[in-house]
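Trainee:
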Amino acid sequence: MTDPSREALTPPIHLAYDTPQVSWYGDENERWTSGVLPTDNGASAWEFGVLSIVDSDMSYVLGALPLQNRSKIGAYLNRFLRRAIMTYNLDIGRVYMDSQLYTEEAVSALRQNNVDFLIQGKDDGGIEELLDEAEAGEIATREDVRFGDRDFSRPPNAFAWPVPSEKTGADDRDRPHEAFITDIDVEERDLEGLGQQFRKRWGIETSIREIKDRYHAKCNHSDHRLRAYYFIIATVLYNLSQYVDNRLEERLMADDVSWGGQEFLHAVRRVDPNEVPDWGGTFKATDDHDWTQFW
Numbered sequence: 001m002t003d004p005s006r007e008a009l010t011p012p013i014h015l016a017y018d019t020p021q022v023s024w025y026g027d028e029n030e031r032w033t034s035g036v037l038p039t040d041n042g043a044s045a046w047e048f049g050v051l052s053i054v055d056s057d058m059s060y061v062l063g064a065l066p067l068q069n070r071s072k073i074g075a076y077l078n079r080f081l082r083r084a085i086m087t088y089n090l091d092i093g094r095v096y097m098d099s100q101l102y103t104e105e106a107v108s109a110l111r112q113n114n115v116d117f118l119i120q121g122k123d124d125g126g127i128e129e130l131l132d133e134a135e136a137g138e139i140a141t142r143e144d145v146r147f148g149d150r151d152f153s154r155p156p157n158a159f160a161w162p163v164p165s166e167k168t169g170a171d172d173r174d175r176p177h178e179a180f181i182t183d184i185d186v187e188e189r190d191l192e193g194l195g196q197q198f199r200k201r202w203g204i205e206t207s208i209r210e211i212k213d214r215y216h217a218k219c220n221h222s223d224h225r226l227r228a229y230y231f232i233i234a235t236v237l238y239n240l241s242q243y244v245d246n247r248l249e250e251r252l253m254a255d256d257v258s259w260g261g262q263e264f265l266h267a268v269r270r271v272d273p274n275e276v277p278d279w280g281g282t283f284k285a286t287d288d289h290d291w292t293q294f295w
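Oh and the sequence shown: position 93 is 93 in full-length UniProt numbering, straight run, nothing missing.
#1: Would Gly-49 and Leu-77 be called neighbours here (beta carbons separated by less than 8 Å)?
#2: With Tyr-76 as the anchor, note down where its alpha helix (DSSP H) starts and where it stops.
#3: Per DSSP, what are the beta-bridge partners of Pro-155 in this structure?
#4: Using the DSSP secondary-structure output, state which residues sit across from Trp-46 in a beta bridge.
#5: Kindly list the residues whose CB is nearer than 6 Å to the CB of Trp-295, restricted to its own chain and excluding five residues on each side of it in sequence; keep chain order.
#6: Give a yes or no on whether the C-beta atoms belonging to Glu-178 and Trp-161 are separated by under 8 Å.
#7: Which residues share a DSSP beta bridge with His-221?
#8: Going by DSSP, what residues sit across from Gly-63 in a beta bridge?
#9: Please report the distance separating the alpha-carbon of Leu-101 from that of Asp-272.
#10: So Ala-84 and Ile-73 are supposed to be a Cβ contact under 8 Å. How far apart are they, rounded?
#11: Skipping 5 residues on each side, what residues in its chain have a beta carbon closer than 7 Å to that of Ile-13?
#12: With 16 as the cutoff for other CB atoms within 10 Å, does His-216 come out buried or exposed?
#13: Within its chain, find whatever has a CB closer than 6 Å to the CB of Asp-98; leave out the 5 residues flanking it on each side and keep chain order.
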């Protein structure tokens with residue numbers, strides 16, 4: 001029987017990397033919190049590095065780890081990419097990131113793993129000049145762009161993409177163009193298509209919202225490792241719900257099956273652990289010590 005989830009992961013796979021904030025309940029002076037103002041009875045928040053597949057049907061989370069500080073953004077991205085390439089054997093096309101994640105370490109991680117990237121550019125330095133020069137409705141490009149205090153030995157390229165008026169939020173923008181940073185040859189590629197595809201990365205925000213609202217249990221334990229475990233288990237539940245959702249119609253031989261996160265959790269609660277068969281070859285955390293010891 002054909003596995004539709006495997007068929008959907010036809011290479012190349014495009015990914016999105018983000019750092020969502022997760023509510024922190026309890027002592028706000030804990031070193032893992034990021035100082036976010038209190039909301040929803042949360043004293044503060046902490047950030048997680050999350051790498052996900054950009055696909056409306058197969059938006060699996062490939063990696064999630066807590067960030068003690070933002071200097072780890074590049075290191076965690078490298079860790080996730082190595083895992084995806086070497087363990088999951090994925091052929092990665094591009095990684096999409098917003099401007100806040102553009103660091104020398106992050107770009108180095110992408111280049112070391114031979115992965116293309118498309119990162120939103122801040123309105124600063126060479127990017128600001130590119131946006132100023134861009135003509136209405138036209139794409140503008142620049143090679144070896146430099147800006148801010150970043151002095152890369154190998155500067156990336158950039159292009160300014162005119163945001164179509166029909167796109168959500170187009171009327172609320174300060175500029176009619178959106179800038180992107182990339183190593184892709186901006187003189188040879190279909191930049192209009194790249195600009196359109198970048199907007200698909202917003203799907204990761206929907207996935208993260210589902211993880212936090214549906215699957216993440218509140219925890220105010222003093223041990224940050226236990227709190228991290230709660231969020232990581234929430235991503236596992238989300239991934240399982242995605243997989244089941246994509247196989248139900250095939251398994252039940254029926255169309256338009258009504259299924260969502262709530263139905264998935266009800267099904268999980270009804271599972272009797274004593275009746276689960278021993279499939280053998282199950283994953284053991286001790287077999288991959290470096291990957292699991294994140295604290």
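The beta-carbon is built from N, C-alpha and C at its ideal position, and this holds for glycine as well.
Just so you know, these numbers come straight off a predicted model, no measurement behind them.
Mentor: Quick answer:
#1: Locating residue 49 in the sequence shown gives position 49, counting from the first residue. Locating residue 77 in the sequence shown gives position 77, counting from the first residue. Their beta carbons are under 8 Å apart, which means Gly-49 touches Leu-77 by this criterion.
#2: Taking the first residue of the sequence shown as 1, we reach residue 76 at position 76. Looking at the DSSP string, the run of the alpha helix (DSSP H) that includes Tyr-76 is 73-82.
#3: Counted from its first residue, the sequence shown places residue 155 at position 155. Answer is none; Pro-155 lacks a bridge partner.
#4: Sequence index remark: in the sequence shown, residue 46 carries index 46 (1-based). DSSP, once it has assigned bridges, lists Val-22 as partnering Trp-46.
#5: Locating residue 295 in the sequence shown gives position 295, where the first residue counts as 1. Residue confidence is low: Trp-295 scores 36 on pLDDT, short of 50, so the model does not pin down where it sits. No coordinate-derived value is stated.
#6: Counting from 1 along the sequence shown, the entry for residue 178 is found at position 178. Counting from 1 along the sequence shown, the entry for residue 161 is found at position 161. Yes; because the gap between Cβ atoms is below 8 Å, this pair is in contact.
#7: Counting from one through the sequence shown, the residue named residue 221 turns up at place 221. Its beta-bridge partners do not exist; DSSP assigns none.
#8: Indexing the sequence shown from 1 puts residue 63 at position 63. Paired residue(s): Leu-51.
#9: Locating residue 101 in the sequence shown gives position 101, counting from the first residue. Locating residue 272 in the sequence shown gives position 272, counting from the first residue. So the two alpha carbons sit approximately 43 Å from each other.
#10: Here residue 84 refers to the residue found at position 84 when the sequence shown is read from its first residue. Here residue 73 refers to the residue found at position 73 when the sequence shown is read from its first residue. With 8 Å as the limit, Ala-84 and Ile-73 do not qualify as a contact, their Cβ atoms being about 17 Å apart.
#11: Within the sequence shown, the letter at position 13 stands for residue 13. Hits under 7 Å: Ile-53, Leu-90, Asp-91, Ile-92, Gly-93.
#12: Taking the first residue of the sequence shown as 1, we reach residue 216 at position 216. That one is buried.
#13: Start at 1 with the first residue of the sequence shown, and residue 98 comes out as number 98. For Asp-98, where only same-chain residues beyond five positions count, the Cβ hits under 6 Å are Gln-120.
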